[in-house]
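Structure, as structure tokens:
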Amino acid sequence: MNNSTQTFKSRYDAIVIGAGHNGLTNAAYLAKGGLDVLVVEKNDYIGGAAVSRELHEGWVYSNCSYVCSLLRQSIHRDLELTRHGLMIVPYSGTTNFSRTGDYIAEYSDHAMQYREIRRHSLRDADASVRYETDLMRYAKLIRHFLLRTPADPTSFKPRDMSEMMFMAKKFAGMGEEQVYEFIRFMTMSAGDFLDEYFENDLVKAMFSTSSIIGTALGVYSPGTAYVLLHHVMGDVDGAVGAWGLARGGMGAISNAIAGALREHGGTIRTSAPVQQIIVRNGRATGVALEGGEEICADIVVSNLDPKRTFTVIMDRNDIPADLRSKAENFKIRGSSGKVNIALTGAPDFPSLPGGHPLRHGSFQFLDSMERMERAYDDWKHGRWSDDPFVEMTQSSMWDPTLAAPGHYFVSCFIQYCPAEVAGGWTPEKRDAFGKTVIDQICNYSPNFRDLIAHMEVRTPHEIENEIGLTEGNIFQGELTIDQLMFNRPFPGYSQYRGPVKGMYMCGSGTHPGGGVSAACGANSAREILRDLKRPNVVPEDDVDE
Amino acid sequence: MPLQATLQPAYAIDHVHMGILPSPFHSRTSRLNLNQQWNEWNGFASAAYYSDAHIEYFSTRNTCGVFDVSPMRKYRFRGADAAAMLDRMVTRDVIAQAVDTVAYNVWCTDAGALVDDGTIFRLAEEEFMLCCADPCYDWFCLSAVGFDAVDITEISEEVAALALQGPTSCALLKAMGFTGIEDCKPFQIMRFAFASGEIMISRTGYTGDLGYELWLPPQDAKQLWDALFDKGALYGIQPLGDESLEMARLEAGFLAPDVDFHGSLHTVQRGHDHSPLELGLGWILNFKKAHFSGRAALLAQKESGNYRRLLKLDIEGNKPAEHSILYADKKCATEIGYITSAMWSPVVKANIAYGLVDAKFFKGPIWAEIYHQKELRWQRKVARCTRVTKAFWSPERARATPPPDC
Ligand SMILES: Cc1cc2nc3c(=O)[nH]c(=O)nc-3n(C[C@H](O)[C@H](O)[C@H](O)COP(=O)(O)OP(=O)(O)OC[C@H]3O[C@@H](n4cnc5c(N)ncnc54)[C@H](O)[C@@H]3O)c2cc1C
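Those sequence lines, one after another, are chains A and B.
Using my numbering, the letters of the first sequence map in sequence onto residues 128 to 672.
Using my numbering, the letters of the second sequence map in sequence onto residues 18 to 423.
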């Protein structure tokens, strides 16, 4: 991605700050809606947390996000992202190794999954049906709201009232008893929720892992049940809860959206960090880049997280004091690390027979929720976990474009790692954090270390510095009920409009939250086009079928 | 007069094989077919899927997949009249077809109704192999009337065959030692020494992606399978069952016999068979060459323009329009045709289908009445259909020589 051959104007209809996948989606729909759009991005590459980079020759990493399920299918279809080079490939098989030497695995085949759980507990094998049904009921409910703007419950505008009605209808459709259950679920901990279904520690451990991904909470903290749901509300080709890989790494998603944006006449300018959103007479009039250049537009959209948007690139004099304090108090604690590894051979996992399909899947190393809670305790004390939770995805086993045959790219997502450590992060501390991850893997794969050709270790500190996610929080703000739906990012600001006319938000800090969904960007574009009294070009979701 | 019969002991008779037949790859395919899910194809066991159809299907778009095409019917045409005989039977120019190339073809009745489709391999000046999904020997004999110097033999059991399809297929063949395969052009044939004899590789397939078909004597079948899966591990190889192949072929724009068309020879009801024009196969009707079966009827039909059209449709929503009736209006008052094949396309992310639409209506609006089940309860919807002119999936690499990364 480079600007060298392009010339840029000093005025556009709309400027989107940040070329994260949501910023690009927002811009693509504004361009499709007929606006002359510029995206300005601080880095010399696009994609934000949905990015692929070749940091070591011959290996392409998905540097941040690494798997895809939330991406709205209707946006993929509508923007013709396949034609722009995107392919989402399903993958399956997660193995969760235990220190006893055994493991529990997830299979896509129903009967095999049943037998696998039964190996550990007959009762849990049966209970898993009840568990999946309940979770699916909530997932199906929540899926209705992903590509919709949340209603403002305090408003009497016909549109908000009708949106409230829509919501009420969907809730009521579950039946009274289920509404109670759902409300309970939304405020519950994943640990308590799982304890209601399962008896076996390993089974619970397996199901619990997605409840704390990216989250500065423990499995027994209230609110984590929702995080679990957040990770199963997506789909691949209608298989709700399934995950896939973007061929070419997650950057393929951003690149394809950028392709659609350019086809609709939009422009992307990289290496252009915004210093400030310019506000005159109570309305946004453009942006000032670091270095002083000003670019004008009547519409300015921020793809940055809400904290950064309202405390860094907006002047405190341009926004209400109340908003400033909401932004300062916004919960956006970093808790995750990422280690991307280039391997020169396939790692051996002696507990799995050679040639077993699970060898191609993801690996986790967790015996019990208790052990996860201990890892969280370290974080609370401002340390990275020394027995970290690691989700290791062998992306290149499924994607031949990431590394040469016989070479592998392995993506490791880690809980927990704090945004701040005593004395501040240093390269040495970063590498010490990286070492805990490799040590964890080597417990189960003795030859792993010998195969490493290169690795990229990222603590929240690196994540914040590179893509501007405050504190390295992967979701641009925590996914707790006080920061969801009409409370996201703040009460009164959930409809993508900022505090001044012409200023909008489109990042994961808005509804429906973090993850590579493109929904925030699309919803925001719909609102902007509406304010401009232009026809809507943003598709509806296709979930209700 | 006393009745006289010569009794043969039971053991001396070549009784029909009871039950389904194994293909030459069965010892290998059955090992991978985890749930033993088989369909029957020309009497042979053909895997429905191996472990997960969705994942297997994606190998044709992302890595490479192997489909056992051995049950296909194969015929050898040999002799001085072979080219002329085939040329009269099929719609494309066989005389001009170069040696070591393959051509997709159809053959019709004199009334221009489609009998079947298949591929013709010109193996030598006077030798051809014809492959088709269903048996057709009788029709070939009828079509050879007047041509004495052609010898037609069924060789289905003499040739084992695999389709290797997907973006890493060329790289895998190269890694297996088939040097030069990267120069093989679409529809070209190459030969290599392999195991006890020779393997023939053609750059053909039924997925619309980069791919090859591998032909060899059955005694070498297992060795080929093992070599493919041994080297293929690094190239993301997957076995493909019928379900994944069906998805790939529909995206690629290929027809399936007895799904998208009903062969004329077994059609009882008038008008329930098809002309190639109706099926969008106008491009393989060569009216410039000499006479071929069905020529006059097809020419007349073409000039009239008055025939049904099998359309490629992109249908709103995500529920496949399986078995749907098509209408000219949303109220479903005017019936204009029906869907022949339908699916959700995982790679394109579109709800795609073929629909056969009456001549008068194919340019106008099209609506599909779709029924689908939600936890047993039937739902009905009427969805707008949009005509698509190109294949749903047709990547550049399928045409490139050498293919990318080779
Ligand atoms: C380590 C990690 C792993 C993750 N794993 C997954 C996963 O597997 N699956 C999943 O679905 N989600 C995952 N997520 C979450 C997901 O990636 C993010 O929620 C999503 O990509 C955010 O997209 P966005 O467009 O809203 O914002 P961002 O991607 O944060 O984009 C913001 C953009 O703004 C730019 N920017 C910042 N400041 C400025 C400025 N002043 N001027 C100009 N530009 C600026 C940034 O460089 C960036 O490009 C992960 C996130 C992380 C960090």
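Built from N, CA and C at the ideal position, the CB exists for glycine as well.
Can you give me the Cβ contacts of residue i inside the same chain, cut-off strictly under 6 Å, excluding the 5 residues immediately before and after it?
i, result
"A/Pro626", "Ile446, Pro447, Leu450"
"B/Arg105", "Phe309"
"A/Ile590", "Leu596, Gly599"
"A/Met128", "Confidence is the limiting factor: at A/Met128 the pLDDT is only 49, short of 50, which leaves the residue's position unreliable, though a coordinate-based value still follows. Excluding residues within five positions, the ones whose Cβ falls inside 6 Å are Tyr172, Ile173, Thr397."
"B/Gln255", "Glu73, Ser76, Gly82"
"B/Gly249", "Leu189"
"B/Met35", "none"
Please list, in chain order, the chain B residues whose beta carbon lies closer than 7 Å to that of residue i.
i, result
"A/Met214", "Arg78, Asn79, Val364"
"A/Gln603", "Neighbours of A/Gln603 on chain B: none; closest Cβ ~26 Å, over 7 Å."
"A/Gly365", "Asn335, Trp361"
"A/Thr209", "Val364, Val365, Lys366"
Along the chain, where does the beta strand (DSSP E) that runs through residue i open and close?
i, result
"A/Thr520", "516 to 520"
"B/Phe246", "Counting along the chain, B/Phe246 falls outside any beta strand (DSSP E), though it belongs to the alpha helix (DSSP H) covering 238 to 249."
"A/Ile655", "A/Ile655 -> not in any beta strand (DSSP E); alpha helix (DSSP H) instead, spanning 646 to 658."
"A/Arg389", "Counting along the chain, A/Arg389 falls outside any beta strand (DSSP E), though it belongs to the alpha helix (DSSP H) covering 378 to 390."
"B/Glu352", "352 to 362"
"A/Trp506", "From DSSP, A/Trp506 is part of no beta strand (DSSP E) but of the alpha helix (DSSP H) over 496 to 507."
"B/Glu144", "144 to 149"
"B/Asp168", "168 to 171"
Quick one: which chain A residues come within Cβ less than 8 Å of residue i?
i, result
"B/Ala385", "None at all; the shortest Cβ gap to chain A is about 14 Å."
"B/Phe379", "Near B/Phe379 there are no residues of chain A at all, since even the closest Cβ is about 24 Å away, more than 8 Å."
Smallest Cα separation from residue i: which of the options?
i, options, result
"A/Val643", "A/Phe575, A/Ser381, A/Met612", "A/Ser381"
"B/Tyr223", "B/Ala27, B/Ser411, B/Thr418, B/Asp375", "B/Ser411"
"A/Ile601", "A/Gly145, A/Gly461, A/His148", "A/Gly461"
"A/Arg204", "B/Val364, B/Phe378, B/Gln182, B/Lys391", "B/Val364"
"B/Gly334", "A/Gly365, A/Glu390, A/Ser338, A/Asn149", "A/Gly365"
"B/Ile369", "B/Tyr154, B/Leu298, B/Glu268", "B/Glu268"
"B/Phe304", "B/Leu296, B/His289, B/Glu320", "B/Glu320"
"B/Asp375", "B/Arg326, B/Ile216, B/Thr170, B/Ala417", "B/Arg326"
"B/Thr351", "B/Tyr324, B/Ile383, B/Pro337", "B/Ile383"
"A/Gln402", "A/Ala387, A/Arg615, A/Ile422", "A/Ile422"
"A/Ser538", "A/Leu182, A/Tyr188, A/Gly147", "A/Tyr188"
"A/Arg210", "B/Pro420, B/Asp422, B/Lys407", "B/Lys407"
Could you work out which residues of chain A lie near residue i, taking near to mean beta carbons separated by less than 9 Å?
i, result
"B/Ile72", "Val216, Pro217, Tyr218, Ser219, Ser235, Trp525"
Just reading off the alpha helix (DSSP H) that residue i is part of, what are its end residues?
i, result
"B/Gly135", "Segment 131 to 141 is the beta strand (DSSP E) holding B/Gly135; no alpha helix (DSSP H) there."
"A/Met360", "Premise fails: A/Met360 is in no alpha helix (DSSP H) and is neither H nor E."
"A/Ser335", "328 to 335"
"A/Gln677", "Outside the modelled stretch of chain A, which goes from 128 to 672, sits residue 677 of chain A, for which no answer is possible."
"A/Lys267", "249 to 270"
"A/Val306", "303 to 314"
"A/Ser452", "448 to 456"
"A/Asn223", "Counting along the chain, A/Asn223 falls outside any alpha helix (DSSP H), though it belongs to the beta strand (DSSP E) covering 221 to 224."
In chain order, what residues of the same chain lie with their CB nearer than 8 Å to the CB of residue i, ignoring the 5 residues before and after it?
i, result
"B/Gln25", "none"
"B/Val276", "Thr357, Ser358"
"A/Leu198", "Ile215, Gly361, Ile380, Val643, Ser644, Ala645"
Since residue i meets chain A, which of its residues come closer than 7 Å, beta carbon to beta carbon?
i, result
"B/Ala367", "Arg204"
"B/Phe75", "Val216, Pro217"
"B/Thr185", "Pro527"
Against residue i, what residues of chain B qualify as contacts under a CB-to-CB distance less than 8 Å, listed in chain order?
i, result
"A/Pro484", "Ser68"
"A/Gln200", "Asn335, Lys366"
"A/Arg374", "Asn79"
Below 7 Å CB to CB, which residues in the same chain sit around residue i once its five sequence neighbours on both sides are set aside?
i, result
"B/Leu282", "Val132, Trp156"
"A/Ser196", "Gly361, Asp362, Val363, Ala369, Trp370, Gly371"
"A/Ala502", "Ser512, Asp514, Pro515, Phe516, Gln542, Tyr543"
"A/Lys136", "none"
Closer than 8 Å to a non-hydrogen atom of ligand 2 - does that hold for the CB of residue i?
i, result
"A/His483", "Looking at this structure, you won't find ligand 2 anywhere; what it does contain is ligand 1."
Going along the chain, which residues of the region 518 to 533 of chain A sit with their C-beta nearer than 8 Å to a C-beta in chain B? Residues of the region 518 to 533 of chain A with a C-beta atom less than 8 Å from some C-beta of chain B are Met524, Trp525, Asp526, Pro527, Pro532, Gly533, listed in chain order.
Residues in the region 247 to 268 of chain B with C-beta within 7 Å of chain A's C-beta atoms, listed in sequence order? Those residues of the region 247 to 268 of chain B that come within reach of chain A (Cβ to Cβ, closer than 7 Å) are Leu251, Tyr252, Gly253.
Name, going along the chain, the residues of the region 245 to 268 of chain A whose beta-carbon falls closer than 8 Å to a beta-carbon of chain B. none
Beta carbons nearer than 8 Å to chain A: which residues of the region 43 to 58 of chain B have them? Leu51, Asn52
Name the residues in the region 334 to 346 of chain A whose C-beta lies less than 9 Å from a C-beta of chain B; which are they? none
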